[in-house]
Each structure stands twice: as C-alpha cells, then as structure tokens.
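Just below is one structure, and these are the notes that go with it.
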Amino acid sequence: MPDRSDLDILADLGLDPVEKKKTATSPREARIIAGFEDIQKFVQEHGRVPQHGAERDIFERLYAVRLDRLRDQTECKGLLADFDTYGLLSNVPDALGTTTEPAQLDDDALLASLGVSSDASNLTDLKHVRPYAERRATPEDIASRQPCEDFDRFAPLFDAVRGDIKSGARQTLRFERKSEIEAGRFFIVDGLTAYVAHAGDPFTNESGNRDSRLRVIFDNGTESNLLARSLQKALTQDPAGRRITDPDAGPLFKNSVEGGGTETGTIYVLRSQSDHPTVAANREVIHKIGVTGGQIARRFANAAKEPTFLMAEVELVAKFELIDINRVALENLLHRFFAPGRLDITIQDRFGTPVHPREWFIVPLEVVHEAVERLQEKSLHCYEYRPELGKLMRRQETS
945 MPDRSDLDIL ADLGLDPVEK KKTATSPREA RIIAGFEDIQ KFVQEHGRVP QHGAERDIFE
1005 RLYAVRLDRL RDQTECKGLL ADFDTYGLLS NVPDALGTTT EPAQLDDDAL LASLGVSSDA
1065 SNLTDLKHVR PYAERRATPE DIASRQPCED FDRFAPLFDA VRGDIKSGAR QTLRFERKSE
1125 IEAGRFFIVD GLTAYVAHAG DPFTNESGNR DSRLRVIFDN GTESNLLARS LQKALTQDPA
1185 GRRITDPDAG PLFKNSVEGG GTETGTIYVL RSQSDHPTVA ANREVIHKIG VTGGQIARRF
1245 ANAAKEPTFL MAEVELVAKF ELIDINRVAL ENLLHRFFAP GRLDITIQDR FGTPVHPREW
1305 FIVPLEVVHE AVERLQEKSL HCYEYRPELG KLMRRQETS
C-alpha cells in the first residue's frame, strides 16, 4: 500500500488543510473587548457581576450598563464569545448566583455617559462621535484612541482613583467650562476614566484661544493625543461628563493654621536600626511613613517585637502635626504616592512566620519633606515619585 500524504489523511477526516487567515481586530472591536475585560476584572475581584442601583459606585453602575448593552448586541456577543470565561453574556440569571435588575431611571444618565442613547440599536452608536470624513475636516476634534503601550505604568493610578472615590477622598463633580484641564487630573468622559498624563507647551489656536496638546490615558488601556479644547468640548457635551477632584484628606497642617481647628494626629517618619542586609546597606533612604492619632513614642514602644517595624528599634526622624485631617485617608494617600518605592522585604515575626511589611519605602528624607510641602500647597497630584531618580517629578515632565 503506497504511503499516504498528510493531505490525504486530512481529506479523509474532512478537514481543510488550508489555514484560515486571521482577521485583524478593528479599533472599534478592540475597544469593545477592552471594555468587556474591565467587567470581567470586576467579577474576578468582587465575586459577582456589576449591579445597577444608586447605592452602587459609579464604576460598578457603568459596568452594569455596559454589560446590558453587550448582551443586547448579537455582533458583540459573537466577538466576545472566546473571552466570556464567566458566561456573562447569557441572558439568564447571572453567574455567581446574582441577577441584574436595571434601574431605568439611573440607566438613562449612565447610558449617556457611555455615549449610547437608550434606544440605540448598536453598542457603538456613539452620540458624540462624528463620521471619519467630518472629523478630518475638524482636526481639533478628539483624536483617535490607540492602545497604550505602557499602560502598566498607569494602571495603579486608576486603581488608586477608584479607591479614593469609594473612600470619599475624591469626588466626581459635573464638569464646567471653567474647570482646569492640566497634567495629573482625572475625568470621566464617554463612560471611561481619563487621566491627563502630559500637557505640551501652550499655544494660540486659529480661533485665538489658548490650547495645548495632551497625552490622555483611558482606563480601558487606550490613549489619545488630543487637544485640551477638544477634551473640554467632549466633557461639556457629555451629559455625564465629570471631573474627579484631587484627593482631600482635610484642610491644612498645623503650621498653616492661625489658631482654631482640632489636632487630629501626626505624620511620622521612622528609620530602622535593623541589621537586615538590605536595610543596613540603605539605612539613610529607607523610611517608614505613617499617620497616628496617639502619642508617637507609644506607637513604636515595642518596635523590636513587631514585624511592622522590622523587628528592630526605630528612630523618629521627622513628624508633622495635623489639624482637622482624616488620618486614614491621608495615610492611604501617602502610601499610594510613594508606592513605586515600596521596600520589598520579608521579615520573620517572633513565631517564625514570614511577614511582608507594606509601610516602608526607599525614599530620601528630604523627598518626604517635599511631598508634605506639596500636600500643604494642594499640588501633590501634579507630581509623582520616581524611585530610580530619588526625587519628585512634575507629571508633564514624564511623557
């Protein structure tokens, strides 16, 4: 019997040996997939599908509306079938034992924030997106979004903003034309959280108005180099356009208050006397940053027995008294700000259990002082900590 080729065997099995061409994903499809991945991330983190309701935070409500619209679109369900690991697109009681009951009163506003009218027949029938030819005729309009190649760098910022909104440290307010658009600020437009990562040099446009070119990162992993005027216009036209306020832990520090107010705590900065090799080699730039409402000395009286203090004595190297400050919000804010320089260290407690302290950072003491000064000036949001440089950098300097 003659040898049979692979093609003969495939033919007997009814298989087509010709490899099908892979179709490229269009920008519109990429946005739909990215939006669905946001929903799946929510399910993974919370163990349930996003729900409707005024008592839910704005991100969960946006995800709930987005999921409803995806379920209604046959095209989208087909596109996302291979990504739907939780079976979220089936119009049956949701996975994980929950169901969604849309609250129509709230959905209208939320659908508007997604750029989708309540009677839209297509998920991508966006209210404020004009045909390509028309956009070419007005180059100042919002630029096309492209995948953000270094999104990993910005993802923690979006996570922190969500946490700030939930804790009350930030608020979402209606965008007004007079609102400033500058590097370091966050907005909600077209149902996405937008972060202005960079603002170019200002210039005067053809209409005689002051403008600048921005680099804007969106929480779905895309970015756009659009004009400040274009972003302002989109936020103004979007019924659900919002600006996200800067984190506010409280009014002022003690040395900025002329009488009045209530002392609510202290920012403390400690230096460890640990003989751990990493600590010993970098002792001058490794610091614990915390906020306490009690006496500082009492806070670390038993430092040598506590893994949070690296099982060693500590030295108080700086402190800042606070007036009318939300201590928890302030401490969370400082820890998130210095997170890029968080010390990665494992310490065994007195029972031999490994512990990973989270409040120690590789940061020069003078940089901590500068951060506190920026906090007093309410300009900390304009900066980021760069541990590889050991200093604060204005965000527009880090394009």
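Position 33, counted from 1, in the sequence shown is what the working numbering calls 977; the numbers after and before it change by one each time, with no gaps. Cβ atoms here follow ideal geometry from the backbone N, Cα and C, with glycine treated the same way. All figures in this text were calculated on a predicted structure; none of them were measured in a lab.
Do residue i and residue j have their CB atoms nearer than 8 angstroms?
{"i": "Lys1021", "j": "Leu1011", "result": "no"}
{"i": "Ile1211", "j": "Val1316", "result": "yes"}
{"i": "Phe1119", "j": "Arg1173", "result": "no"}
{"i": "Glu981", "j": "Leu1023", "result": "no"}
{"i": "His1300", "j": "Leu1254", "result": "no"}
{"i": "Phe1147", "j": "Asp1134", "result": "no"}
{"i": "Ala1008", "j": "Gln995", "result": "yes"}
{"i": "Pro1091", "j": "Gly1165", "result": "yes"}
{"i": "Glu1167", "j": "Arg1089", "result": "yes"}
Can you check DSSP and say which residues form a bridge with residue i?
{"i": "Leu1214", "result": "Lys1232, Leu1260"}
{"i": "Tyr1030", "result": "In the DSSP output, where bridge partners are listed per residue, Tyr1030 has none listed."}
{"i": "Ser1168", "result": "Val1160"}
{"i": "Phe1131", "result": "Ala1138, Arg1187"}
{"i": "Thr1018", "result": "Answer is none; Thr1018 lacks a bridge partner."}
{"i": "Glu1328", "result": "Met1337"}
{"i": "Leu1011", "result": "Leu1011 is not bridged to any residue."}
{"i": "Gly1209", "result": "Leu1266"}
{"i": "Asp1155", "result": "Phe1147"}
{"i": "Phe980", "result": "Answer by DSSP bridge pairing: none, since Phe980 is not bridged."}
So what does DSSP say about residue i, is it helix, strand or coil?
{"i": "Ile1109", "result": "helix"}
{"i": "Ser1174", "result": "helix"}
{"i": "Asp1038", "result": "Any reading at Asp1038 needs caution, since the residue's pLDDT is 45, under 50, leaving its predicted position unreliable; the model's value is listed next. The answer is strand: DSSP assigns Asp1038 an E or B state."}
{"i": "Arg1089", "result": "coil"}
{"i": "Pro1251", "result": "helix"}
{"i": "Pro1298", "result": "strand"}
{"i": "Arg1000", "result": "coil"}
{"i": "Phe1147", "result": "strand"}
{"i": "Ile1267", "result": "strand"}
{"i": "Asp1182", "result": "coil"}
{"i": "Arg1318", "result": "helix"}
{"i": "Gly1238", "result": "coil"}
{"i": "Leu969", "result": "According to the sequence displayed, residue 969 carries Thr and not Leu. Note: Thr969 maps to coil in three-state DSSP."}
{"i": "His1313", "result": "helix"}
{"i": "Glu1202", "result": "Bear in mind that a pLDDT of 46 at Glu1202, under 50, signals an unreliable position, so the number given afterwards is only what the model happens to contain. Note: Glu1202 maps to coil in three-state DSSP."}
Going by C-alpha to C-alpha distance, which of the options sits closest to residue i?
{"i": "Leu1101", "options": "Ala1315, Ile1306, Pro1284", "result": "Pro1284"}
{"i": "Ala1127", "options": "Lys1249, Glu1150, Arg1280, Asn1169", "result": "Asn1169"}
{"i": "Lys1232", "options": "Leu1309, Gly1238, Asp1134", "result": "Leu1309"}
{"i": "Thr1137", "options": "Arg1286, Leu1260, Val1258, Asp1103", "result": "Asp1103"}
{"i": "Leu1319", "options": "Val1307, Glu1303, Leu1336", "result": "Leu1336"}
{"i": "Ala1256", "options": "Ile1267, Asp1293, Leu1158", "result": "Asp1293"}
{"i": "Phe1003", "options": "Ile1306, Gln1115, Ala1248, Thr1222", "result": "Gln1115"}
{"i": "Val1223", "options": "Phe1281, Leu1287, Gly1238, Asn1246", "result": "Leu1287"}
{"i": "Ser1111", "options": "Leu1179, Asp1001, Gly979", "result": "Asp1001"}
{"i": "Ser1281", "options": "Ile1240, Cys1326, Pro1251, Lys1263", "result": "Residue 1281 is actually Phe in this sequence, not Ser. Minimum Cα distance to Phe1281 is reached at Cys1326."}
{"i": "Ile1188", "options": "Pro1298, Phe1131, Asp1096", "result": "Phe1131"}
{"i": "Leu1117", "options": "Lys1249, Arg1215, Thr1180, Gly1238", "result": "Thr1180"}
{"i": "Ala1245", "options": "Leu1006, Val1235, Glu1259", "result": "Glu1259"}
{"i": "Glu1124", "options": "Asp1190, Glu1093, Asn1149, Arg1097", "result": "Asp1190"}
At the 8 angstroms Cβ level, is residue i part of the contact set with chain B, yes or no?
{"i": "Val1160", "result": "Absent from the structure is chain B; it holds one protein chain and no more."}
Inspect the CB distances between the stretch 1107-1123 and the stretch 1266-1285 and report whether three or more fall short of 8 angstroms. yes
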